[in-house]
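Novice:
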Amino acid sequence: MYDASTIESKWQDYWARNRTNEPDLDSAPNPFYNLMMFPYPSAEGLHVGNMYAFTGADFFGRFQRLRGKDVFQPIGFDAFGIHSENYALKLNVHPTSLIPSNIKNFTRQLKSTGIMFDWTHTVDTTAPDYYRWTQWIFLKLYEAGLAVKKEAPVNWCPSCMTVLANEQVIAGECERCSSVVIQRLLSQ
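Numbering (this note's numbering), first residue to last: 4 to 191.
1. Entirely within the segment 67-139 and at least 3 residues each: give me those beta strand (DSSP E) ranges in chain order.
2. Determine the closest residue to residue 118 out of 145, 152, 37, with distance taken between C-alpha atoms.
3. Would you mind sorting residue 132 into buried or exposed? The rule is 16 or more other CB atoms within 10 Å of its CB.
4. Assign residue 62 to buried or exposed, taking buried as 16 or more other Cβ atoms, counted over all protein chains shown, within 10 Å of its Cβ.
5. Anyone know if the C-beta pair for residue 127 and residue 82 falls short of 8 Å?
6. Find out if the Cβ-Cβ distance for the pair residue 180, residue 167 is shorter than 8 Å.
7. Spatial neighbours of residue 68 within its chain, please: C-beta separation below 7 Å, excluding the five flanking residues on both sides.
8. Can you tell me whether residue 158 is helix, strand or coil according to DSSP?
9. So the beta strand (DSSP E) residue 187 belongs to, where does it begin and stop?
10. Can the beta-carbon of residue 78 be found less than 8 Å from the beta-carbon of residue 113?
11. Can you grab the Cα-Cα spacing for the pair residue 148 / residue 138, in whole Å?
12. So who's on the other strand from residue 36, going by DSSP bridges?
13. Quick one: residues in its chain with C-beta nearer than 8 Å to the C-beta of residue 26, no 5 flanking neighbours on either side, listed in chain order?
14. Measure how close the beta-carbons of residue 87 and residue 103 come, nearest whole angstrom, since I'm counting them as under 8 Å.
15. Hey, could you find the ends of the beta strand (DSSP E) residue 165 is sitting in?
16. Which first and last residues belong to the alpha helix (DSSP H) in which residue 13 is found?
17. Report yes if the C-beta distance between residue 109 and residue 42 is below 8 Å; otherwise report no.
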């Protein structure tokens with residue numbers, strides 16, 4: 004009988020022991036960067052949509068490896084934004100109290116899938132060592148005139164007192180509280 008957990012563990016241990024998914028990019032003759040969208044660690048765990056996105060990208064990375072490429076496939080977690088905010092609101096806690104445990108759970112689940120992520124290169128968008136560089140590059144773009152600050156219309160929920168992404172507006176109403184969403188000019 005096929006024992007999935009034994010066979011999966013065997014190969015996952017082999018990949019970890021042999022550093023199969025950790026190319027030495029300094030000496031790689033054929034480096035190939037395969038980046039997929041970072042999941043939002045904002046709920047109880049992975050969902051089918053995550054795996055839908057990851058499977059195709061992982062397949063492409065494996066195909067490139069078969070073609071002789073040294074595939075670098077990092078993973079990260081995008082914990083800023085509406086997904087984390089909505090999950091925190093649902094649980095009535097601050098998002099920063101959820102992020103570490105959510106990332107730990109997502110990591111456990113992702114490792115069990117066997118996707119060829121390089122776990123020595125992970126990104127957490129809420130880590131100060133990460134976002135200081137995104138802020139730095141944005142300021143450089145602003146200083147160079149490639150980013151501008153101006154007033155622009157946004158979706159505003161008067162009950163939640165927050166800006167909403169288009170995906171949070173359902174038939175003109177806030178998905179959280181069903182209040183009518185208004186357009187408001189805000190400086191951005």
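Backbone N, C-alpha and C define an ideal beta-carbon position, used for all residues, glycine too. Because the structure is a prediction, the values reported are computed rather than measured.
Specialist: With the given structure in hand:
1. Those beta strand (DSSP E) runs which fall completely within the segment 67-139 and span 3+ residues are 73-75, 78-80, 125-127.
2. The count along the sequence shown starts at 1 and reaches residue 118 at position 115. Residue 118 has its Cα closest to that of 37, out of 145, 152, 37.
3. One-based indexing of the sequence shown puts residue 132 at position 129. Residue 132 comes out exposed.
4. Translated into positions along the sequence shown, residue 62 becomes position 59. Exposed, because fewer than 16 other Cβ atoms sit within 10 Å of the Cβ of residue 62.
5. Residue numbering aside, residue 127 sits at position 124 when the sequence shown is read from its first letter. Residue numbering aside, residue 82 sits at position 79 when the sequence shown is read from its first letter. Result yes, Cβ atoms of residue 127 and residue 82 sit closer than 8 Å.
6. Along the sequence shown, one-based indexing puts residue 180 at 177. Along the sequence shown, one-based indexing puts residue 167 at 164. Going by C-beta atoms, residue 180 is not nearer than 8 Å to residue 167.
7. For the purposes of this step, residue 68 is taken as the residue at position 65 of the sequence shown. If we look at residue 68 and ignore the five residues flanking it on each side, its Cβ neighbours are 74.
8. On the sequence shown, residue 158 is found 155 positions in, with the first residue counted as 1. Of the three classes helix, strand and coil, the one that applies to residue 158 here is strand, per DSSP.
9. To locate residue 187, count along the sequence shown from 1; it is residue 184. Boundaries of the beta strand (DSSP E) around residue 187: 185-190.
10. On the sequence shown, position 75 is the one that residue 78 refers to. On the sequence shown, position 110 is the one that residue 113 refers to. A distance below 8 Å separates the beta carbons of residue 78 and residue 113.
11. Here residue 148 corresponds to residue number 145 of the sequence shown, with the count starting at 1. Here residue 138 corresponds to residue number 135 of the sequence shown, with the count starting at 1. Near 15 Å, if we compare the C-alpha coordinates of residue 138 and residue 148.
12. Numbered from its first residue, the sequence shown carries residue 36 at position 33. Paired residue(s): 75.
13. For this step, residue 26 is matched to residue 23 along the sequence shown. 34, 73, 74, 75, 121, listed in sequence order.
14. Start at 1 with the first residue of the sequence shown, and residue 87 comes out as number 84. Start at 1 with the first residue of the sequence shown, and residue 103 comes out as number 100. No, residue 87 and residue 103 are not in contact; Cβ-Cβ is about 12 Å, not under 8 Å.
15. On the sequence shown, residue 165 is found 162 positions in, with the first residue counted as 1. Counting along the chain, the beta strand (DSSP E) containing residue 165 begins and ends at 165-167.
16. Taking the first residue of the sequence shown as position 1, residue 13 is located at position 10. It spans 7-20 - the alpha helix (DSSP H) in which residue 13 sits, taken as one unbroken run.
17. The sequence position of residue 109 within the sequence shown is 106, counting from 1. The sequence position of residue 42 within the sequence shown is 39, counting from 1. Yes.
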